[in-house]
Amino acid sequence: MTSSFTVHAASGYEQLMGRWSRRLAPKFIDFAGLAGGEKVLDVGCGTGSLTFELAKSGDLTDIQAIDFSPVFVAAAKERNTDPRVTIQQADATALPFADDAFDRALALLVLHFVPEAGKAVAEMRRVTRPGGVVAAVVWDHYGGMTGMRMMIDTVAALSESGRQLRNRYCFQPMMQPGEMKRTFVEQGLVDVTEAEPMIRMDYANFDDFWVPIGAGEGPLGKYMTTLDAAERERVEAAVRDAYQAGRPDGPRSFANVAWACRGIVP
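Spelled out as structure tokens, the structure:
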């Protein structure tokens with residue numbers, strides 16, 4: 006498996022996305038459901054946003070969490086104090102668990118970074134018992150992430166490479182209406198339902214928005230590392246202007262909508 010998400014440091018990821026993943030996690034759990042005594046798998050755990058929310062949200066007996074990134078796995082292990090939680094490096098398209106091992110397999114903000122996303126869903130189904138739940142949620146990059154879309158459109162207006170970046174960013178796997186539901190059905194899940202959870206991303210100022218991107222975190226940060234110094238300055242100035250929108254620098258709040266999908270293993 007490969008991943009289209011670039012991570013340099015767990016701290017940078019936390020500022021870029023981890024804090025917002027934690028805000029989305031309770032809404033995703035409400036949609037996916039939980040019951041006491043269950044064994045739950047977190048696929049693509051990152052720094053543990055869903056993992057540790059699961060530990061708080063239900064009387065679960067076992068929480069297994071995997072991620073492809075050793076940086077994320079190390080950060081999540083460092084945070085963990087719950088004996089029910091086990092975290093390991095593994096591939097979402099080749100999960101290291103027996104068939105029917107879990108009551109629920111959940112994936113928070115990961116499937117759109119898995120090139121073989123359908124294979125990951127198939128693996129989540131395989132390791133979930135009959136009657137159990139498979140659920141996932143991804144951002145709607147094209148129409149639902151207002152702050153990031155503001156930046157990506159600004160970058161696209163500056164160069165051909167920026168336009169190519171926008172195309173890649175907006176059309177990752179599982180991000181089109183109904184796409185994740187179709188994949189769930191194709192992989193044999195039944196009673197498939199969808200939802201569109203929303204959170205707000207609240208920034209203190211432009212630096213709060215920009216610093217992890219400028220440092221190379223995530224897909225947009227990776228693009229910044231391909232530019233020379235003059236190009237980086239030009240992009241930063243243009244995005245700053247878009248963020249401030251003619252007003253003094255300071256707090257800004259952006260609405261962000263995700264696609265969520267839930268199915269039952271027959």
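For the sequence shown, my numbering begins at 6 and goes up steadily by one.
Every residue gets a Cβ at the ideal spot worked out from N, C-alpha and C, and that includes glycine.
For residue i, name the three-state secondary structure that DSSP assigns.
i, result
"ASN261", "strand"
"THR133", "strand"
"TYR248", "helix"
"GLN192", "coil"
"MET229", "helix"
"PHE107", "strand"
"SER9", "Annotation note: pLDDT 46 at SER9 (below 50); position unreliable, coordinate value reported separately. The answer is coil: DSSP assigns SER9 none of H, G, I, E or B."
Here's the rule: buried if 16 or more other CB atoms are within 10 angstroms of the residue's CB, otherwise exposed. What is residue i?
i, result
"VAL126", "buried"
"GLY137", "buried"
"MET203", "exposed"
"SER283", "Given a span of 6 to 271 for the chain in the structure shown, any question on residue 283 remains unanswerable."
"ARG252", "exposed"
"GLU128", "buried"
"ASP72", "buried"
First and last residue of the beta strand (DSSP E) that includes residue i?
i, result
"GLU199", "195-200"
"ARG205", "203-208"
"ASP254", "Neither: ASP254 is in no beta strand (DSSP E) and is coded neither H nor E."
"VAL115", "First-last for VAL115: undefined, no H or E at that position."
"GLN20", "No beta strand (DSSP E) holds GLN20; DSSP gives it neither H nor E."
Report the residue from the options whose alpha carbon sits nearest the alpha carbon of residue i.
i, options, result
"ASP35", "ALA250, PHE214, GLU199 and ALA234", "GLU199"
"LYS61", "ALA162, THR52 and ALA30", "ALA30"
"GLY226", "LEU21, LEU59 and ALA15", "LEU21"
"ASN210", "ASP246, MET185 and MET179", "ASP246"
Does residue i come within less than 9 Å of chain D when only Cβ atoms are used?
i, result
"LEU232", "In the displayed structure, chain D is absent; only one protein chain is listed."
Starting from residue i, trace the alpha helix (DSSP H) in both directions and tell me its first and last residue.
i, result
"ASP213", "211-219"
Is the stretch 241-256 touching the stretch 68-84 in the sense that three or more CB pairs, one from each, lie closer than 8 Å? no
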